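K.L.:
In terms of our numbering, the sequence shown opens at residue 554 and continues consecutively.
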Amino acid sequence: MPIQAVTSQRLYRQIADQLSELVRRGEFKPGDRLPSERDLSQQFSVSRASVREALIALEIDGLVVVRVGLGVFVNEVQAANSQTAMLGDPGPFEVLSARYLIETETAALAARDGSAKDHARIRETLQMMIDEVGSSGNGLNADSLFHLRIAEASGNSALAYLVNQLWNFRYSAMFRKLDEHFDSPQRHAEAIEEHRKLVVAIERRDEQGARAAMVAHLDTVRAALERGWELANVPDAHKNVSVRQNIATAWS
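Next up, the structure:
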């Protein structure tokens, strides 16, 4: 069965379905290593981000396992049913692309139109993130609130609604799996500093600076999620499962 190029929406699901079919037909057998992301992206004529989303979906479904430094392998024991096939959620990289369009502008509008009270509420969530990471090792709730308060400070309720919707996707199984691989304590520290720069630009009413700070922040989020599997932070198999469950966010 030759791989077919895909062109419509939800590319990651189409890629995942084709790879699943190849496994079902025996063209990739249990224990086989799948082609690299680069090779798959060329064969499917899609971005590596779409391939990664597909592989993450297949990992959640139990079809493949990621072995750090080695690659992605067909699982020896296959799950009976797909957990992700029926999901209508956009892929993580689609969500991130939408955030570039919307949140760069909400940051600029917050700097221009936000009140002093709005700005104080944004700064408050920066400290909440620091406290949350210190107490639980994860700052996703305060991180979400930080970005929502920026959107609210824009003065446009429709934009605030859109940001809230985008952040609801941030709690999806696919985002969680990406975090499991690519989150790290170093990323926490970097992200807090990126958020601090956003706060400073907004409080100075520097529209261009706030927009640029948001772009820089989202660039580092994307870079963290695009790192090679050999740099992933998958917990060792012998570690307690609670360690895996406590890993929460690549800091958005």
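No residue lacks a Cβ here, since even glycine has one placed at the ideal position from N, Cα and C.
All values derive from a computational prediction rather than experimental measurement.
With Ala-660 and Ala-766 assumed to form a contact (beta carbons below 8 Å), what rounded beta-carbon distance in angstroms separates them?
P.N.:
Along the sequence shown, read from residue 1 onward, the residue named residue 660 stands at position 107. Along the sequence shown, read from residue 1 onward, the residue named residue 766 stands at position 213. Confirmed, Cβ separation roughly 7 Å.
K.L.:
Kindly indicate which three-state DSSP category Gly-624 falls into: helix, strand or coil?
P.N.:
Counting from 1 along the sequence shown, the entry for residue 624 is found at position 71. Gly-624: strand per DSSP, three-state reduction.
K.L.:
Which residue comes first and which comes last in the alpha helix (DSSP H) that contains Arg-605?
P.N.:
Numbered from its first residue, the sequence shown carries residue 605 at position 52. Looking at the DSSP string, the run of the alpha helix (DSSP H) that includes Arg-605 is 601-613.
K.L.:
Specify the secondary structure class of Val-630 as computed by DSSP and reduced to three states.
P.N.:
Sequence index remark: in the sequence shown, residue 630 carries index 77 (1-based). It is coil, neither helix nor strand.
K.L.:
From the DSSP output, which residues share a beta bridge with Arg-586?
P.N.:
Stepping through the sequence shown from its first residue, residue 586 is reached at position 33. DSSP lists Phe-626 as partners of Arg-586.
K.L.:
At the level of alpha carbons, what is the spacing between Ala-848 and Glu-743?
P.N.:
The first residue shown for the chain is 554 and the last is 805, placing residue 848 beyond what the model contains.
K.L.:
Round the Cβ separation of Ile-755 and Ala-663 to the nearest angstrom and send it over; I've been treating them as touching at under 8 Å.
P.N.:
Here the question's residue 755 lines up with position 202 in the sequence shown. Here the question's residue 663 lines up with position 110 in the sequence shown. Indeed, because the Cβ distance is near 5 Å, the residues count as touching under 8 Å.
K.L.:
Smallest Cα separation from Phe-646: which of Arg-764, Arg-757, Leu-719 and Leu-572?
P.N.:
For the purposes of this step, residue 646 is taken as the residue at position 93 of the sequence shown. It is Leu-719 whose Cα lies nearest to the Cα of Phe-646.
K.L.:
Could you give the first and the last residue of the continuous alpha helix (DSSP H) run that contains Tyr-714?
P.N.:
Locating residue 714 in the sequence shown gives position 161, counting from the first residue. Element bounds for Tyr-714: 710-722.
K.L.:
Measure the Cβ-Cβ separation of Val-619 and Glu-612 and say whether it is below 7 Å.
P.N.:
Indexing the sequence shown from 1 puts residue 619 at position 66. Indexing the sequence shown from 1 puts residue 612 at position 59. Result yes, Cβ atoms of Val-619 and Glu-612 sit closer than 7 Å.
K.L.:
I need the boundaries of the alpha helix (DSSP H) containing Ser-668, first residue and last residue.
P.N.:
As a first step, residue 668 is located in the sequence shown; it is residue number 115 there, counting from the start. Unbroken run through Ser-668: none, as it is neither H nor E.
K.L.:
If we call anything under 7 Å between Cβ atoms a contact, is Met-727 one with Ile-609?
P.N.:
If you number the sequence shown from 1, residue 727 lands on position 174. If you number the sequence shown from 1, residue 609 lands on position 56. For Met-727 and Ile-609, yes; Cβs fall inside 7 Å.
K.L.:
For Pro-738, count the other beta carbons within 10 Å of its own beta carbon; 16 or more makes it buried, fewer makes it exposed. Which is it?
P.N.:
Numbered from 1 along the sequence shown, position 185 holds the residue referred to as residue 738. When all chains shown are included, Pro-738 counts as exposed.
K.L.:
Using only alpha-carbon positions, find the residue among Val-686, Gln-571, Gln-595 and Phe-735 that is nearest to Ala-776.
P.N.:
By one-based count along the sequence shown, residue 776 stands at place 223. Comparing Cα positions, the closest option is Phe-735.
K.L.:
Enumerated in chain order, which unbroken segments of the alpha helix (DSSP H) with a length of 4 residues or greater are wholly contained in the segment 714-769?
P.N.:
With a minimum length of 4 residues, the continuous alpha helix (DSSP H) runs that stay inside the segment 714-769 are 726-735 and 738-756.
K.L.:
Going by the beta-carbon positions, is the gap between Glu-760 and Arg-665 smaller than 7 Å?
P.N.:
Numbered from 1 along the sequence shown, position 207 holds the residue referred to as residue 760. Numbered from 1 along the sequence shown, position 112 holds the residue referred to as residue 665. Result yes, Cβ atoms of Glu-760 and Arg-665 sit closer than 7 Å.
K.L.:
How would you label Gln-571, buried or exposed, when you count the other beta carbons within 10 angstroms and need 16 or more for buried?
P.N.:
The residue you call residue 571 lines up with position 18 of the sequence shown. Flag for Gln-571 reads buried.
K.L.:
For Val-576, tell me which candidate among Gln-595, Ala-706 and Val-630 has the shortest Cα-Cα distance.
P.N.:
If you number the sequence shown from 1, residue 576 lands on position 23. Answer by Cα proximity: Val-630.
K.L.:
Between Ala-763 and the rest of its own chain, which residues show a CB-CB distance below 7 Å, the 5 nearest in sequence each way excluded?
P.N.:
Start at 1 with the first residue of the sequence shown, and residue 763 comes out as number 210. Excluding sequence neighbours, Ala-763 sits near Ala-660, Ala-661, Ala-663, Ala-664, Leu-751, Ala-754 and Ile-755.
K.L.:
In terms of alpha-carbon separation, which member of Arg-723, Ile-745, Glu-733 and Arg-780 lies closest to Arg-652?
P.N.:
Taking the sequence shown and counting its residues from 1, the one referred to as residue 652 is at position 99. Nearest C-alpha to Arg-652: Arg-723.
K.L.:
Just to confirm the assignment, what range does the alpha helix (DSSP H) spanning Ser-573 have?
P.N.:
On the sequence shown, residue 573 is found 20 positions in, with the first residue counted as 1. From DSSP, the alpha helix (DSSP H) with Ser-573 extends over 564-577.
K.L.:
Would you kindly work out how many angstroms separate the C-alpha atoms of Tyr-565 and Leu-587, rounded to a whole number?
P.N.:
Here residue 565 refers to the residue found at position 12 of the sequence shown. Here residue 587 refers to the residue found at position 34 of the sequence shown. Their backbone Cα atoms lie some 16 Å apart in a straight line.
K.L.:
Considering only DSSP beta bridges, list what Val-618 is partnered with.
P.N.:
Working through the sequence shown from its first residue, we reach residue 618 at position 65. The partner list for Val-618 (beta bridge, DSSP) reads Phe-626.
K.L.:
Out of Ala-704, Ser-725 and Gly-708, which has the shortest C-alpha to C-alpha gap to Leu-715?
P.N.:
The count along the sequence shown starts at 1 and reaches residue 715 at position 162. If we check each option's Cα against that of Leu-715, Ala-704 comes out closest.
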